[in-house]
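Asks: Please read through the structure below; I'll follow up with questions.
Protein chains: 2
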Amino acid sequence: MILETLVTAYAPNLTAILDREPVPADGIVSHDLDYAADGVAFRGYIARPGGEGRHPGILVVHDWLGVTDYVRMRCDMLARLGYVAFAADVYGADVRPGPDEAAAVAGGFYRDRPLWRTRLTAAFARMREEPSVDPGRTAAIGYCFGGSSVLELARTGADVDAVVSFHGGLLTGPEGEAAHITAKVLVLHGAADPVAPDDAMLAFENDLRTAPAVDWQLVSYANAMHAFTLPDADAPEQGALFDARAERRSWAAMKAFLAEVFG
Amino acid sequence: MILETLVTAYAPNLTAILDREPVPADGIVSHDLDYAADGVAFRGYIARPGGEGRHPGILVVHDWLGVTDYVRMRCDMLARLGYVAFAADVYGADVRPGPDEAAAVAGGFYRDRPLWRTRLTAAFARMREEPSVDPGRTAAIGYCFGGSSVLELARTGADVDAVVSFHGGLLTGPEGEAAHITAKVLVLHGAADPVAPDDAMLAFENDLRTAPAVDWQLVSYANAMHAFTLPDADAPEQGALFDARAERRSWAAMKAFLAEVFG
């Protein structure tokens, strides 16, 4: 069943972020979206501008908690900007880990990159089938695990115009694989993120340097820890903390980047 | 003598950059500006919006060639954005090195940081005296040597709100000095700039990490070499090359940053 809603009610700290983008005159339309691939059921979410017409499609990949209100809120924000935003469900509709299980569930995908890529590719393909999406104009953004995910999607050689990682882990791949990337890449990185320390960042950059045709940018934000865009992140002793300044700046950087790509 | 001009004629490759910013209704006013400090004569340049009123003042510090049309063009661009832009003359009015002498002249300042800082401080003070400048709202930007220069100015503890380095060398200072920085810092960095290789970048970031109150950001642009914003840079074998994409993006990043700082 599809739940069609015009307004999703979020916690105040999510609403405060969402409302930085004004609601367009035609409003937005949003609802959960069930899809399936390879016999597995998934429950994503879609938000699009009200009215007719096709728009660029932005895949939004969740952090290790899966599809949450945080992800839905980001989709709504993107819809307010004129994009169709589709929240991928990498885990599957039956898998909604609590905070104590999330690392293990995400870890399963980090350790099984073929499965991870299959799930990402399925969600990306599903998004492009959406009637409101212009399948020739697509991007993917993601948070934490989702940031790593969109870089992983790009490494498959997916025909995606742009990817944006927010505090994602910075992985490398087999020699030569970086040259498969056709997407423009924007990495929004916390300079105090223990998930992506300096040696990982340099290895990531050096991997991309082997593929000089890849158009990438990396922004480091002073003192920003892991999960810096998540208002509920409050574990500085584990290196994860919301940072309102880096949240605002990184969103603005993404907006400018998408505007450059989609005109 | 002050030459008052409404339009400076630039080479076509500079005009193409300048004209990305539309001329405001009241136009801009620009002219050379002679000043002196400690018995030394300097010849800078100023560009401001037409009409009355005070505006944020942006110090613009030249690359190793000194005050050239490139710097004047950037000042005009900033004036079109509503800022008063003052081109510092670090070298002195009598020192206008050709390409073959520029490295030696700039090197003299890199080796004499007290003199370098004195020259920067003098130019900054002169800018703040300008009637069209709001002395409480200031920034400094610079290119190559000038990028290093604005970071150096920030390290003096100068009361400047923001500094932006375009492909500047990334120096460190004595232990504890980074904590003097009160300016917000934006470093726009070429990921293929041999003047600021990875080890220098990391040393720079680690130095700033010793001062957690400092608000800094560093953007790395893929494949961008030294001098990537200079249309005449064409020495890839020496690691210096114009990059139109990084030029546009870095200017846009600076604009967004100044808009954040000055509202």
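Sequences listed follow chains A and B, in order. The UniProt record's numbering numbers the first residue of the first sequence as 1 and each following residue consecutively. The UniProt record's numbering numbers the first residue of the second sequence as 1 and each following residue consecutively. Note that the Cβ used here is the ideal one computed from N, Cα and C, for glycine as well. Remember, predicted model here, so these are calculated numbers, not experimental data.
1) Output the boundary residues of the beta strand (DSSP E) element that contains A/Phe86.
2) If contact is defined by three or more beta carbon pairs under 8 Å, each pair taking one atom from either stretch, is the region 174 to 192 of chain A in contact with the region 206 to 225 of chain A?
3) Using three-state DSSP, classify B/Ser220 as helix, strand or coil.
4) Going by beta carbon distance, what residues of the same chain come within less than 8 Å of B/Asp134, once the five residues before and after it are set aside?
5) Considering only C-alpha positions, which residue in the set B/Pro24, B/Trp64, B/Arg155 and B/Thr182 is nearest to B/Pro174?
6) Run through DSSP, which three-state label would A/Thr68 get?
7) Buried or exposed, going by whether 16 or more other CB atoms sit within 10 Å of the CB of B/Gly44?
8) Kindly indicate if chain B contains any beta-carbon less than 9 Å away from that of A/Tyr221.
9) Going by other Cβ atoms of all chains shown within 10 Å of its Cβ, with 16 needed for buried, is A/Gly147 buried or exposed?
10) Run through the region 127 to 183 of chain A for me and flag every whole beta strand (DSSP E) of 3 or more residues, listed as ranges in chain order.
11) Can you grab the Cα-Cα spacing for the pair A/Leu3 / A/Asp100, in whole Å?
12) With a threshold of 8 Å on Cβ separation, who are the neighbours of A/Asp69 within its own chain once the five nearest residues in sequence on each side are excluded?
13) B/Phe242 by DSSP, collapsed to three states: which one?
14) With three or more C-beta pairs closer than 8 Å as the rule, is the region 223 to 239 of chain A touching the region 163 to 170 of chain A?
15) Any beta carbon from chain A within less than 9 Å of B/Glu4's own beta carbon?
16) If you drop the 5 nearest sequence neighbours on each side, which residues of the same chain put their C-beta closer than 8 Å to that of B/Glu152?
17) Using 8 Å for Cβ pairs, my map puts B/Ala79 next to B/Ala87. What's the rounded Cβ distance?
18) Does any residue of chain A have a CB that is nearer than 9 Å to the CB of B/Glu52?
19) Compute the Euclidean distance between the alpha carbons of A/Asp243 and B/Val71, then round it to the nearest angstrom.
20) Please confirm whether A/Glu205 has its beta-carbon closer than 9 Å to some beta-carbon of chain C.
21) As a quick exercise: from B/Val214, B/Thr182, B/Cys144 and B/Val163, pick the residue whose alpha carbon is nearest that of B/Ala106.
22) Alpha carbon to alpha carbon, how far is B/Phe124 from B/Pro212?
23) Output the boundary residues of the beta strand (DSSP E) element that contains B/Gly92.
24) Measure the beta-carbon distance from B/Ile46 to B/Glu129 and round it to whole angstroms, keeping in mind my assumption that it falls under 8 Å.
25) Does the Cβ of A/Glu205 have 16 or more other Cβ atoms within 10 Å, making it buried, or fewer, making it exposed?
26) Less than 9 Å between CB atoms is the rule here; does A/Tyr260 satisfy it with respect to chain B?
27) Roughly how many angstroms separate the alpha carbons of B/Asp26 and B/Asp198, rounded to a whole number?
28) Just mark A/Ala259 as buried or exposed, buried being the case when its beta carbon has 16 or more other beta carbons within 10 Å.
29) Between which two residues does the beta strand (DSSP E) holding B/Ala196 run?
30) I'd like the ranges of any alpha helix (DSSP H) spanning at least 4 consecutive residues and lying wholly in the region 5 to 83 of chain B.
31) Within 10 Å of its beta-carbon, does B/Gly51 have 16 or more other beta-carbons around it, so buried, or fewer, so exposed?
32) Are the CB atoms of B/Gly82 and B/Pro22 within a distance shorter than 9 Å?
33) Relative to chain A, which residues along the region 240 to 255 of chain B have a C-beta separation below 9 Å, given in chain order?
34) Answer with yes or no whether the minimum CB distance from A/Ala25 to chain B is below 9 Å.
35) Quick one: Cα of B/Met77 to Cα of B/Pro97, how far?
36) Tell me the rounded alpha-carbon separation between A/Arg249 and A/Asp19.
Replies: In terms of the structure at hand:
1) Val84 to Ala87
2) A contact between stretches requires three or more CB pairs, one per stretch, nearer than 8 Å, and the region 206 to 225 of chain A meets this requirement with the region 174 to 192 of chain A.
3) strand
4) Taking B/Asp134 as the centre and dropping the five residues before and after it, the same chain places the C-beta of Arg54, His55, Pro56 and Gly57 closer than 8 Å to its C-beta, in chain order.
5) B/Arg155
6) coil
7) Classification of B/Gly44: buried, given that the 10 Å Cβ count is 16 or more.
8) yes
9) buried
10) 133 to 143 and 162 to 166
11) Note that A/Leu3 scores a pLDDT of 46, beneath 50, so its modelled location is shaky; the value from the coordinates is reported in the next line. For A/Leu3 and A/Asp100, the distance between alpha carbons rounds to 29 Å.
12) Thr8, Tyr10, Ala11 and Leu14
13) Reduced to three states, the DSSP call for B/Phe242 is coil.
14) yes
15) In this prediction, B/Glu4 scores a pLDDT of 47, lower than 50, which makes its location untrustworthy; the coordinate-derived value is nonetheless stated afterwards. Chain A contact via Cβ: absent.
16) Arg113, Trp116, Arg117, Leu120 and Leu171
17) Not a contact, Cβ separation roughly 11 Å.
18) no
19) 36 Å
20) Structure shown: chain C not included; protein chains present are A and B.
21) B/Cys144
22) Annotation: B/Phe124 to B/Pro212 spans about 26 Å, alpha carbon to alpha carbon.
23) Careful: B/Gly92 lies outside any beta strand (DSSP E) and carries neither H nor E.
24) Contact doesn't hold; Cβ gap of about 11 Å is too wide.
25) buried
26) Checking the displayed sequence, the identity of residue 260 of chain A turns out to be Glu instead of Tyr. Answer yes: the Cβ-Cβ gap between A/Glu260 and chain B drops below 9 Å somewhere.
27) Roughly 45 Å between the two C-alpha positions.
28) Residue burial is scored here from C-beta neighbours: A/Ala259 has fewer than 16 other C-beta atoms within 10 angstroms and is therefore classed as exposed.
29) B/Ala196 -> no beta strand (DSSP E), and no H or E assigned at all.
30) Those alpha helix (DSSP H) runs which fall completely within the region 5 to 83 of chain B and span 4+ residues are 12 to 18 and 69 to 80.
31) Counting Cβ neighbours within 10 Å, B/Gly51 comes out exposed, since fewer than 16 surround it.
32) no
33) Under the 9 Å Cβ criterion, the region 240 to 255 of chain B contributes Arg245, Ala246, Arg248, Arg249, Ala252 and Ala253.
34) no
35) 25 Å
36) 16 Å
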